[in-house]
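Q: What follows is a structure written as structure tokens; I'll ask about it next.
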Amino acid sequence: MKKIAIIGANGKQGQCLTNEAVMRGFDVTAVIRQPCAKNEKARVLQKDLFDLKPEDLASFDAVIDAFGAWTSETFNLHITSLRHLCDCLKNTKTRLLVVGGAACLYTDKEHKTILLNAPNFPEEFRPLAQAETDAFFELKERKDVLWTYLSPPLDFKAEGERTGKYKLAGKELSFNSQGESTISYADYAVAMIDEVENAKFVQDNFSVVSL
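Under the numbering used here, think of the first position of the sequence shown as 271, with each following residue one higher.
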């Protein structure tokens, strides 16, 4: 049985990840600031992300980073939190899987333009997308961490249903057969836990889209 730590397990995406991992029989620990996890079958490590030390994470096979920062005052925490987790896990066999953003995905087959730099990218989303993308590009340079970065498509639906199905979409922004670039949090969680099991994208990034 693999031991998984989920950082931010009480958040919306964190709950989906926790529920999926618990349902599949993993030994799951919720790394949260609250005393109780919303999934009662998860163990709890009550600690702020920035207070984590290497010894806190040493026993886990995988750490899933579902940390989020959603205000302009906290956008910089995307890069500092990921840097801290990498430093905790460097030169270990513990994998770090990151709930990423879509802005780093390429919009062309030549891989010259990422979504963030596309001419029609919405300006209101740029500060958050820039913070997530900066964190990703720093992560990409880490050769001492077994990282994986999973990007959602354009429309990331918090309340969508779990179908258990999705399409692997590589490093390019992709659309399904209906011309939609979408996935639910629940199906994204399926893809993430599949990656924990299969380890196809170690030190690599990929994306998923609904069928």
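Where a beta carbon is used, it is the ideal one built from N, C-alpha and C, also for glycine.
So if DSSP puts Ser454 in a beta bridge, which residue, or which two residues, is it bridged to?
A: What you label residue 454 is simply residue 184 of the sequence shown in a count that begins at 1. Answer by DSSP bridge pairing, in chain order: Lys427.
Q: Just checking, does the segment 343-356 make contact with the segment 305-317 on the three C-beta pairs under 8 Å criterion?
A: No: the two stretches stay apart, fewer than three of their Cβ pairs being nearer than 8 Å.
Q: Quick one: residues in its chain with C-beta nearer than 8 Å to the C-beta of Gly370, no 5 flanking neighbours on either side, listed in chain order?
A: Along the sequence shown, read from residue 1 onward, the residue named residue 370 stands at position 100. Closer than 8 Å at Cβ, skipping near neighbours: Glu402, Phe406, Tyr419, Leu420, Ser421, Pro422, Asn475.
Q: Looking only at C-alpha atoms, which of Glu380, Thr288, Ala439, Thr433 sits nearest to Ala372?
A: Against the sequence shown, residue 372 aligns to sequence position 102. The residue with the shortest Cα to Cα distance from Ala372 is Ala439.
Q: Between Phe445 and Val333, what straight-line distance do the alpha-carbon atoms span, to the nearest angstrom?
A: Along the sequence shown, one-based indexing puts residue 445 at 175. Along the sequence shown, one-based indexing puts residue 333 at 63. Spanning the two alpha carbons is a distance of roughly 29 Å.
Q: What residue from Val472, Ala469, Asp464 has the CA that sits closest to Val292's CA?
A: As a working mapping, residue 292 is identified with position 22 in the sequence shown. Cα-wise, what sits closest to Val292 is Asp464.
Q: Within 10 angstroms of the Cβ of Glu411, are there 16 or more other Cβ atoms? Answer buried if so, exposed if not.
A: Taking the first residue of the sequence shown as position 1, residue 411 is located at position 141. So Glu411 counts as exposed.
Q: If the criterion is Cβ atoms closer than 9 Å, does the pair Arg303 and Gln283 meet it?
A: Along the sequence shown, read from residue 1 onward, the residue named residue 303 stands at position 33. Along the sequence shown, read from residue 1 onward, the residue named residue 283 stands at position 13. No. Outside cutoff.
Q: Tell whether a beta-carbon distance below 9 Å holds between Phe330 and Thr377.
A: Position 60 of the sequence shown, counted from the start, is the residue given in the question as residue 330. Position 107 of the sequence shown, counted from the start, is the residue given in the question as residue 377. Cβ distance not < 9 Å, so Phe330 and Thr377 don't count as in contact.
Q: For the alpha helix (DSSP H) containing Gln316, name the first residue and the last one.
A: Translated into the one-based positions of the sequence shown, residue 316 becomes position 46. No alpha helix (DSSP H) contains Gln316, which is instead part of the beta strand (DSSP E) from 313-316.
Q: Please state whether DSSP places Val298 in a helix, a strand or coil.
A: Translated into positions along the sequence shown, residue 298 becomes position 28. Strand.
Q: Which residues in the same chain have their Cβ closer than 6 Å to the Cβ of Cys356, if we skip the five residues on either side of it in sequence?
A: The residue labelled residue 356 in the question sits at position 86 within the sequence shown. Answer for Cys356: Arg412, Val415, listed in chain order.
Q: Using beta-carbon positions only, say whether Ser454 and Leu481 come within less than 9 Å of one another.
A: By 1-based counting over the sequence shown, the position of residue 454 is 184. By 1-based counting over the sequence shown, the position of residue 481 is 211. No.
Q: One question on the structure: do Lys382 and Cys358 come within less than 9 Å of each other, judged by their Cβ atoms?
A: Here the question's residue 382 lines up with position 112 in the sequence shown. Here the question's residue 358 lines up with position 88 in the sequence shown. No; because the gap between Cβ atoms is not below 9 Å, this pair is not in contact.
Q: Rounded C-beta distance between Lys272 and Val466? I'm assuming under 8 Å.
A: Reading the sequence shown from its first residue, position 2 is the one you call residue 272. Reading the sequence shown from its first residue, position 196 is the one you call residue 466. With a Cβ gap of about 7 Å, Lys272 and Val466 count as contacting.
Q: How should Val478 be labelled, buried or exposed, when 16 other C-beta atoms within 10 angstroms of its C-beta is the threshold for buried?
A: Your numbering for residue 478 matches position 208 in the sequence shown. Val478 is buried by the Cβ-count criterion.
Q: For the putative contact between Val472 and Tyr436, defined by C-beta atoms under 8 Å, what is the C-beta separation to the nearest angstrom?
A: Numbered from 1 along the sequence shown, position 202 holds the residue referred to as residue 472. Numbered from 1 along the sequence shown, position 166 holds the residue referred to as residue 436. Their Cβ separation, rounded to whole angstroms, is 19 Å, which puts Val472 and Tyr436 out of contact at 8 Å.
Q: Output needed for Asp404: all residues of its chain with C-beta closer than 7 Å, excluding positions within five of it in sequence on either side, in chain order.
A: Along the sequence shown, read from residue 1 onward, the residue named residue 404 stands at position 134. Excluding residues within five positions, the ones whose Cβ falls inside 7 Å are Ile349.
Q: Could you tell me the distance, in whole angstroms, from the CA atom of Gly386 to the CA atom of Ser351?
A: As a working mapping, residue 386 is identified with position 116 in the sequence shown. As a working mapping, residue 351 is identified with position 81 in the sequence shown. Reading off the sequence shown, one finds Leu at residue 386, where the question assumed Gly. Each residue's Cα considered, the two are about 21 Å apart.
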